[in-house]
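Encoded as structure tokens, the structure appears first; notes follow it.
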Amino acid sequence: MANDRILQVGVLGATGTVGQRFIVLLSEHPFMRIHSLGASERSAGKAYAEATRWKMQERMPDQVRDILVKSCDPMHFDGCDLVFSGLDASVAGDIEKAFLTAGIPVFSNAKNYRMAPEVPLVVPVVNSEHMSLIDHQRRVYGSGKGFVVTNSNCSTSGLVVALKALHTKVAPIRRVVVTTLQAISGAGYPGVASLDILDNIVPYIGGEEPKMEAEVNKILGNVNPSATAFTPLPDVKVSATCNRVPVVDGHTECVSVEFATETPPSLEAIEDAFKSYRCEAQDLGCPSAPEQVIYVAKEADRPQPRLDRDAGKGMSVTIGRIRECPVFHVKFTLLVHNTVLGAAGASILNAELALKKNYLS
Ligand SMILES: NC(=O)C1=CN([C@@H]2O[C@H](COP(=O)(O)OP(=O)(O)OC[C@H]3O[C@@H](n4cnc5c(N)ncnc54)[C@H](OP(=O)(O)O)[C@@H]3O)[C@@H](O)[C@H]2O)C=CC1
Ligand SMILES: N[C@@H](CC(=O)OP(=O)(O)O)C(=O)O
């Protein structure tokens with residue numbers, strides 16, 4: 002992506018699990034530079050290295066160690082072209098609103114604005130065209146240059162990649178049943194207590210199932226011709242069951258799909274649709290777009306989180322075990338990296354797309 006401009010970026014919630022992933026990804030970004038870091042009053046005033054319990058496998062980048070963490074007030078982020086938000090949802094609503102009304106674009110991971118009618122909920126390898134609602138949102142909020150684009154719940158992000166490939170390249174989808182096996186990093190830090198998760202599976206993640214069931218329809222839906230509203234995908238029902246499993250990173254999902262066709266599509270057509278799936282971010286040459294959006298694993302026992310979560314540097318989805326479903330039409334297992342395509346990586350690619358589409362002038 003030829004880019005003659007360096008973007009100065011801020012990270013809100015920089016000390017958390019998603020915030021740390023932002024720091025790792027941004028430290029190697031070709032044209033985004035970390036300008037300011039924000040977190041709670043507990044962290045404000047401390048150097049980043051002192052405020053943060055660093056949990057990434059990569060070393061903390063030297064460039065951030067001495068940055069003073071600030072409280073999340075827009076006045077502390079004056080020199081930023083945009084901010085990424087990895088804020089806890091209990092505070093994200095008010096803080097993100099303050100930034101966007103101060104004219105600073107926000108790329109958020111939090112759930113607060115995902116289903117708002119004027120907010121694009123964008124998984125960048127799936128529905129980047131939903132950003133066309135940004136101008137309408139700016140008018141609704143009276144926010145000048147400011148706007149908010151959210152990414153989805155981390156489990157939703159992997160699911161919609163598979164469903165989009167099937168829905169657009171094979172046949173319209175009617176019903177989906179999905180069972181997730183979600184990594185502990187999805188719960189942030191310190192997250193789930195070790196006595197709850199070791200030698201165990203927890204068959205409940207608060208609020209997760211209704212989020213997955215609702216977000217899919219918005220993401221796979223369309224924008225109306227005047228780019229002022231989303232029309233959700235009609236008549237597609239999703240039933241989700243979400244489990245927490247003792248895996249550090251990478252959400253696995255067992256999916257069954259029924260198409261709105263009399264005769265089931267062939268397994269070859271389904272595999273071809275996955276393999277040949279491409280997205281706008283690839284065509285626009287965005288640096289964080291994966292080379293291959295979906296990898297199809299041919300081995301009988303893949304995908305596995307430890308072996309497959311870093312496919313495409315965490316921006317690809319791996320799908321395996323594609324087979325006929327005796328109840329619906331087809332079933333398969335997919336894997337998505339929950340803090341990369343499921344969180345920070347998606348936000349960064351959303352910002353690259355917004356730049357390419359001239360929303361960050
Ligand atoms: N983990 C994942 O896989 C995914 C997470 N998300 C969403 O991303 C967001 C971040 O998640 P995650 O990183 O896991 O959470 P963490 O709990 O690890 O981090 C939360 C961050 O929010 C900050 N924070 C908490 N309270 C305040 C406050 N009052 N004012 C300002 N900052 C505050 C914390 O700062 P401090 O350290 O100072 O307390 C920390 O930086 C959440 O909304 C989550 O739902 C979305 C998709 C995937
Ligand atoms: N709840 C997800 C992560 C997350 O925070 O999702 P959301 O942003 O939709 O609350 C998980 O536990 O894996």
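Here the sequence shown is numbered in the working numbering, starting from 2 and rising by one per residue. Backbone N, C-alpha and C define an ideal beta-carbon position, used for all residues, glycine too. It should be emphasised that the depicted structure is a prediction, and the values quoted were computed from it without experimental measurement.
Problem set entry | Within the region 224–307, ranges of the beta strand (DSSP E) (whole runs, at least 3 residues) | As far as the region 224–307 is concerned, its whole beta strand (DSSP E) runs of at least 3 residues are 238–245, 252–260 and 295–297.
Exercise. Using a Cβ-Cβ cut-off of 6 Å (strictly less than) and excluding sequence neighbours within five positions of Leu285, which residues of its own chain qualify?
Worked result: Answer for Leu285: Lys357, listed in chain order.
For this session: Verify whether the separation of the beta carbon atoms of Phe85 and Val12 is less than 9 Å.
Result: Yes. Within cutoff.
For this session: Give a yes or no on whether the C-beta atoms belonging to Pro125 and Cys255 are separated by under 9 Å.
Result: No, the Cβ-Cβ distance between Pro125 and Cys255 is not below 9 Å.
Exercise. Measuring CB to CB, does Thr16 end up less than 9 Å from Thr340?
Worked result: Thr16 places its beta carbon 9 Å or farther from that of Thr340.
Problem set entry | Counted within 10 angstroms of its Cβ, other Cβ atoms place Val171 as buried (16 or more) or exposed | So Val171 ends up on the buried side.
For this session: With distances taken Cα to Cα, identify the nearest neighbour of Val127 among Val217, Ile24, Gly143 and Arg66.
Result: Checking every option, the nearest Cα to that of Val127 belongs to Val217.
Exercise. Exposed or buried, what is Val249 when buried is set at 16 or more other beta-carbons lying within 10 Å of its beta-carbon?
Worked result: Exposed, since its Cβ has fewer than 16 Cβ neighbours within 10 Å.
Exercise. Taking 8 Å as the cut-off, is the CB of Lys219 close to at least one heavy atom of ligand 2?
Worked result: Answer for Lys219: no, Cβ out of range of ligand 2.
Exercise. Nearest to Gly159 by alpha carbon, out of Leu196, Asp309, Ala352 and His338?
Worked result: Per the Cα distances, His338.
Exercise. Can Val294 and Glu272 be called in contact, C-beta distance under 9 Å?
Worked result: Cβ atoms of Val294 and Glu272: not closer than 9 Å.
Problem set entry | Beta bridge counterpart(s) of Met33 as assigned by DSSP | Met33 is bridged to Leu8.
Exercise. At a cut-off of 8 Å, is Glu281 close to ligand 2 when judged by its beta-carbon and the heavy atoms of the ligand?
Worked result: Flag unset: Cβ of Glu281 not near ligand 2.
For this session: Measure the Cβ-Cβ separation of Glu59 and Val25 and say whether it is below 9 Å.
Result: When the beta-carbon positions are compared, Glu59 and Val25 come within less than 9 Å of each other.
Problem set entry | chain B contact for Cys255 (CB, 9 Å cutoff) | The question asks about chain B, but that chain is absent: this structure has only one protein chain.
For this session: Please confirm whether Ile206 and Gly187 have their CB atoms less than 9 Å apart.
Result: Against a cut-off of 9 Å, the Cβ pair of Gly187 and Ile206 comes out as a contact.
Problem set entry | Option in Thr151, Val150, Asp79 and Glu119 with minimal Cα separation from Pro137 | First, the residue type needs correcting, since residue 137 is His and not Pro in the sequence shown. Taking His137 as reference, the option from Thr151, Val150, Asp79 and Glu119 with the minimal CA-CA separation is Glu119.
For this session: For Ile363, verify whether its CB is less than 8 Å away from any heavy atom of ligand 1.
Result: Lying outside 2 to 362, the shown extent of the chain, residue 363 is not represented and no answer is given.
Problem set entry | For Arg175, three-class secondary structure by DSSP | In the structure shown, Arg175 falls within a strand segment according to DSSP collapsed to helix, strand and coil.
Exercise. To the nearest whole angstrom, what separates the beta carbons of Val65 and Ser44, a pair I think is in contact under 8 Å?
Worked result: About 13 Å separates the CB atoms of Val65 and Ser44; that is not less than 8 Å, and the two are not in contact.
For this session: Starting from Ala1, follow its DSSP beta bridges and name the residues at the other end.
Result: The structure shown has nothing for residue 1, since the chain only spans 2 to 362.
For this session: Assign Gly87 to buried or exposed, taking buried as 16 or more other Cβ atoms, counted over all protein chains shown, within 10 Å of its Cβ.
Result: Around the beta-carbon of Gly87, 16 or more other beta-carbon atoms lie within 10 Å, marking it buried.
Exercise. Candidates Ser37, Met132 and Asn113: which alpha carbon is nearest Gly80's?
Worked result: Gly80 has its Cα closest to that of Ser37, out of Ser37, Met132 and Asn113.
For this session: Assign Leu354 to one of three DSSP states: helix, strand, or coil.
Result: In the displayed model, Leu354 falls within a helix according to three-state DSSP.
Exercise. When you compare each of Pro121, Gly145 and Phe329 to Phe260 by their alpha carbons, which one comes out closest?
Worked result: When only C-alpha atoms are compared, the closest one is Phe329.
Problem set entry | Own chain residues within Cβ distance below 7 Å of Ile198, not counting five before or after | Cβ neighbours of Ile198 beyond the five flanking positions: Ile185, Arg245 and Pro247.
Exercise. DSSP on Leu196, reduced to helix/strand/coil?
Worked result: The answer is helix: DSSP assigns Leu196 an H, G or I state.
Problem set entry | Rounded separation between Ala290 and Leu350 - CA only | The straight-line gap from Cα to Cα measures roughly 7 Å.
For this session: Just tell me which of Ala103, Ser267 and Val178 has its CA closest to the CA of Met76.
Result: By alpha-carbon distance to Met76, the top candidate from Ala103, Ser267 and Val178 is Ala103.
Exercise. Do you know how far the Cα of Tyr278 is from the Cα of Arg303?
Worked result: Roughly 20 Å between the two C-alpha positions.
Exercise. Using the C-alpha atoms, what's the distance from Ala282 back to Val162?
Worked result: Distance between the alpha carbons of Val162 and Ala282: 13 Å.
Exercise. Should His168 be counted as a contact of ligand 2 given a C-beta to heavy atom distance under 8 Å?
Worked result: Residue side-chain check: His168 keeps its Cβ at 8 Å or more from all non-hydrogen atoms of ligand 2.
For this session: Give me the Cα-Cα distance between Glu263 and Leu164, rounded to the nearest whole angstrom.
Result: Rounded to whole angstroms, Glu263 to Leu164 spans 19 Å at the Cα level.
Exercise. According to DSSP, is Gln58 helix, strand or coil?
Worked result: If DSSP states are grouped into helix, strand and coil, Gln58 belongs with coil.
For this session: Whole angstroms is fine: what's the gap from Glu209's alpha carbon to Glu130's?
Result: Near 26 Å, if we compare the C-alpha coordinates of Glu130 and Glu209.
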